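Protein chains in written order, with our numbering: chain A, 1083 to 1343; chain B, 1083 to 1343; chain C, 1083 to 1343; chain D, 1083 to 1343. Cβ atoms here follow ideal geometry from the backbone N, Cα and C, with glycine treated the same way. None of these values were measured; they are calculated from a predicted model. What follows is a short report on a single structure.
4 protein chains.
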Amino acid sequence: MQDKKPEIRESLERVGVTRLKTIVMTNWKNRKYNFVPEIELTLDLDRERKGIHMSRLVESITECIEKEVEIRRGSLEEVEKSILEKLKEKHPFNHAEITMKTDLVVPRKTPITGKTTMETYGVAVKVSSDNGNYTKLLNVEVVGNTVCPHAMNKCEGRTHIQRATGILKIETGYDNKIDFEDMIDCVEDAFPSRVYTILKTEDEKQVVKEMHDNPKFVEDVTRSILNNAKNRFKNARIRAKTISEESIHRHDVIAEGTCEV
Amino acid sequence: MQDKKPEIRESLERVGVTRLKTIVMTNWKNRKYNFVPEIELTLDLDRERKGIHMSRLVESITECIEKEVEIRRGSLEEVEKSILEKLKEKHPFNHAEITMKTDLVVPRKTPITGKTTMETYGVAVKVSSDNGNYTKLLNVEVVGNTVCPHAMNKCEGRTHIQRATGILKIETGYDNKIDFEDMIDCVEDAFPSRVYTILKTEDEKQVVKEMHDNPKFVEDVTRSILNNAKNRFKNARIRAKTISEESIHRHDVIAEGTCEV
Amino acid sequence: MQDKKPEIRESLERVGVTRLKTIVMTNWKNRKYNFVPEIELTLDLDRERKGIHMSRLVESITECIEKEVEIRRGSLEEVEKSILEKLKEKHPFNHAEITMKTDLVVPRKTPITGKTTMETYGVAVKVSSDNGNYTKLLNVEVVGNTVCPHAMNKCEGRTHIQRATGILKIETGYDNKIDFEDMIDCVEDAFPSRVYTILKTEDEKQVVKEMHDNPKFVEDVTRSILNNAKNRFKNARIRAKTISEESIHRHDVIAEGTCEV
Amino acid sequence: MQDKKPEIRESLERVGVTRLKTIVMTNWKNRKYNFVPEIELTLDLDRERKGIHMSRLVESITECIEKEVEIRRGSLEEVEKSILEKLKEKHPFNHAEITMKTDLVVPRKTPITGKTTMETYGVAVKVSSDNGNYTKLLNVEVVGNTVCPHAMNKCEGRTHIQRATGILKIETGYDNKIDFEDMIDCVEDAFPSRVYTILKTEDEKQVVKEMHDNPKFVEDVTRSILNNAKNRFKNARIRAKTISEESIHRHDVIAEGTCEV
């Protein structure tokens, strides 16, 4: 049925499965990770075929994951590339892409008392194949804050402060080695202060001090993310966005920018 | 089919429709309102019947809404009661309940420059009928902030501040007149400062001043909501909850309490 | 403070407010509409300025909405254009854009019994100004269904059926008149059957018959949306996407395509 | 500051942290699991204290998780109980409760071709301590489907089908051993057919056959969940809910019931 000619001859860019959750195990830099990412896998469909074979997409995912269970190696993007390669054996396409979106937990130390905390970041990676040419799009979402420099100036050192989320996206060639951890650092260093899951009183004082010593608009945070990423990475298209959940308003404020290196 | 005996004889408390969105027009205190609420309408099902007649639930909603279009009067809870009365004519039940959840936009003045702003609140009302006895549950969700008194004490007047959401629920007899606007006031007055959609510099200075003059934990805000509601309403069960989106942490903090008047 | 030179000289594409909810009244084709849309308004920021003046963005919205309250005319996109024009008087920019996202309720008749039902659609419109040149992006989201032709073929007329959402986006010049209602028709006509809030038994039989007479993959629905839109509109870039919430899987399947007319 | 007397003397039932995400490793029935659950931990606050010590809640979580990393044993509920015991050493309370909400991935075989698939379920467990008495609330969310018996009867074997979600909650004593896997079975067996991540054509035919051989209203599914749970578990309060995403309507239909064993 899928291979029949369709009534309407129109090629489609992206056909596939989305919101598929399964277990993916990786072994990256000799550390084992278990993820339950949300997965989207799509390919293009030419105008002469009615449909794609959806079950082959899911099989490509499952077979690679099983294989990874045994060999337990590689990063999320290596698993994704192997899924696209497996899919190529099962189903024709010119363009295919796969995205995995998950949480990454990283150990940190609090600034003064040095307690170990586990901090959780949103990460995602898309690997695309265009006629055999592989590229990737890496994404991290990091929680931090903004501290209004305008109010601080007008209110004799007092100001309003709020939670903010910084997002950094990097589009680059598949072989350009970029770690999520380095991308997360670019965003965390852009905020007035990092945030922590545990803060003892001495740590909390330090965070409040850093916030007030380093007030930043949402625009400042986005520019700092762009600047940090420009200094750290090469041969990439960089996008940054910050969303500030204003404590003096019901709405959020945002700032977005892009650059290339 | 619905009236057949089911294989498994088990009564069900709540059967019906949910996430139904439609237009509801009211005329409350001589002001016309158009809402597109999300509606849930359920009734109980006894153990001897296989199913309810879902289309009669939707007809009860539609017929009352059409009628309201003509007569354009009443509050959301009056519309809800008329839907339950209409449903009673169409379908047997012992217990039925209907909830409408929507946005309420209220004009305000900014604190110093007196600019008019439109502020939006989440509101919901459930009317329940138990063997002909009507009760209601009113709910408001209001955005405000928390300002940490502990950090302020330890950091010489500096502190961390964040957006917070205050929720007030009131369960009472159907005939107990309670306005959403009064419930919203109970919550807004409980925060260190109200928030506004527009703030000119002089207004913003005032908000920052109020925040610092009036630091409050999430626990303090919840207690203030409870206290404000106790002083304002009668013959009611009151529930309050505050969620603070910490600017120094990735997670939120909460405080919940209840009381009766 | 906002007009100072920033430490990092990097221009930003989109700076502004988001998730702002307020009341917007329109009078379109002599029918009055009250919406409470979610609004995003952004402008670009050049590399030599530290920040934008956020309150002027909100003032531009508020002043136009107040004016609309009095004159009560125009469509959502006319309100949006007037907000961008107002903003131009208050704040310099090269590029600015405003999006309003809301629900649109449209009366329909059921297919056999002809009962009136109110059907609710997700709609959004973005108006962009680039150095004074206005364009728009219209978006509708419509609930329908998919009916698997492959299973129907293999299972002697039986198949699996599921809810699906069709999305149509049209990017075109500001002056190109396109009604949400026509866009909604393009999507609803692409499904195996339309869906209705009320269905009496005879209506339900008709819907089930149409589903089985007209089985469609998610790919078929997307192609039909594209084809319907190509036949209806001119001078536009068209994007279609269908998301099918499979009843035989935990995950969804999707199909996306684009074309130009 | 937290130990001061508050201005408003009102006890609070639940004060604590929510939406905290961190890594939790368990070793249950000799299988290792890595979860990144969303955690809520709250305790009660008496009327004479201004606030709780939030950082001690987070420390209790972190210290138990670290310990579990070493000893790698126990189930999620055992980890939760150890956190409440640790908290008791650090902070006074009468009532405390902790909830972890996560995904559980379980291997399955497809019905005809016997392919291995990984199926993902939403699970949560809350452990409560009331003056030293421990109870728990287990929760599973399972995707399946409903198949309308009414339409099938009226349309000569044809009907409408849709995705549905079944939810089973069990409240019982802490020592009552109940496996998530058994709860999931109670829900999956209640649907017209199970759903699978991969289905080859022969499997899909079997699923479509089971759907049509076994049509069920949302009410039927909820009753079957209740019945399955009554037959499987003891000394428990059982709650079941099914949400059906109708393929002929924009809205969902629901059925909820409870029973005790």
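Would a C-beta distance cut-off of 7 Å place residue i and residue j closer than the cut-off?
i, j, result
"B:Thr1241", "B:Met1234", "yes"
"C:Thr1254", "A:Asp1334", "no"
"B:Ser1326", "B:Ala1246", "yes"
"C:Arg1321", "C:Thr1340", "yes"
"D:Ile1105", "D:Ser1142", "no"
"B:Glu1338", "D:Arg1138", "no"
"A:Tyr1256", "A:Lys1316", "no"
"A:Tyr1216", "A:Ile1266", "no"
"C:Gln1244", "D:Gln1084", "no"
"B:Val1277", "B:Val1222", "no"
Per DSSP, residue i is paired with what?
i, result
"C:Ile1121", "C:Leu1102 and C:Met1182"
"C:Asn1109", "C:Lys1114 and C:Gly1156"
"D:Pro1189", "D:Met1200"
"A:Asp1212", "A:His1177 and A:Asn1215"
"A:Thr1247", "A:Val1225 and A:Ile1325"
"B:Glu1253", "B:Leu1219 and B:Arg1319"
"C:Ile1194", "Note: C:Ile1194 sits in no beta bridge, so no partner."
"C:Glu1339", "According to the sequence displayed, residue 1339 of chain C carries Gly and not Glu. DSSP output for C:Gly1339 lists C:Ala1322 as bridge partner(s)."
"C:Lys1298", "C:Val1229"
"D:Ala1206", "D:Lys1183 and D:Asn1221"
"B:Asp1334", "D:Thr1100"
With distances taken Cα to Cα, identify the nearest neighbour of residue i among the options.
i, options, result
"C:Val1207", "C:Ile1121, C:Arg1245, C:Ile1134 and C:Thr1198", "C:Ile1121"
"D:Glu1270", "D:Lys1259, D:Gly1196, D:Gly1239 and D:Gly1248", "D:Gly1248"
"A:Ile1280", "A:Phe1299, A:Gly1196 and A:Glu1342", "A:Gly1196"
"B:Glu1159", "B:Val1205, B:Leu1127 and B:Thr1192", "B:Val1205"
"A:Lys1087", "A:Ala1311, A:Lys1251, A:Glu1130 and A:Ser1329", "A:Glu1130"
"D:Val1303", "D:Met1136, D:Phe1273 and D:Phe1117", "D:Phe1273"
"A:Glu1092", "C:Met1107, C:Lys1312 and C:Met1293", "C:Lys1312"
"A:Leu1127", "C:Phe1299, C:Val1225, C:His1173 and C:Ile1090", "C:Phe1299"
"A:Ala1178", "A:Thr1324, A:Gly1214 and A:Gly1133", "A:Gly1214"
"A:Ser1345", "A:Lys1163, A:Ser1275 and A:Lys1291", "Given a span of 1083 to 1343 for chain A in the structure shown, any question on residue 1345 of chain A remains unanswerable."
"D:Asn1109", "D:Met1182, D:Asp1264, D:Lys1172 and D:Val1161", "D:Val1161"
"A:Lys1111", "A:Lys1291, A:Thr1324 and A:Glu1263", "A:Glu1263"
Are the C-beta of residue i and some C-beta of chain A separated by less than 7 Å?
i, result
"B:Glu1223", "no"
"C:Asn1176", "no"
"B:Glu1253", "no"
"B:Glu1327", "yes"
"B:Asn1258", "no"
"C:Arg1096", "yes"
Please report whether the beta-carbon of residue i lies at a distance below 7 Å from any beta-carbon of chain D.
i, result
"C:Arg1245", "yes"
"C:Cys1341", "no"
"B:Asn1235", "yes"
"B:Gly1214", "no"
"A:Val1207", "no"
"C:His1242", "yes"
"A:Val1140", "yes"
"B:Met1083", "yes"
"B:Glu1301", "yes"
Please check if any C-beta of chain C sits within less than 7 Å of the C-beta of residue i.
i, result
"B:Lys1103", "yes"
"D:Ile1330", "yes"
"A:Glu1130", "no"
"A:Ile1090", "yes"
"D:Arg1321", "no"
"A:Ala1318", "no"
"B:Ser1059", "The structure shown does not extend to residue 1059 of chain B, since chain B is modelled only from 1083 through 1343, so no value can be given for it."
Are any of the Cβ atoms in chain B nearer than 7 Å to that of residue i?
i, result
"C:Asn1116", "yes"
"A:Glu1238", "no"
"D:Thr1100", "yes"
> Which residues, in chain order, does the stretch 1272–1291 of chain D contribute to contact with chain A at a C-beta distance below 7 Å?
Replying inline: Thr1279, Ile1280, Leu1281 and Lys1282
> Taking any Cβ of chain B, which residues in the stretch 1178–1205 of chain C have a Cβ under 7 Å from it, in chain order?
Replying inline: Of all residues in the stretch 1178–1205 of chain C, those with a C-beta nearer than 7 Å to a C-beta of chain B are Asp1185, Val1187, Thr1199, Met1200 and Thr1202, reading in chain order.
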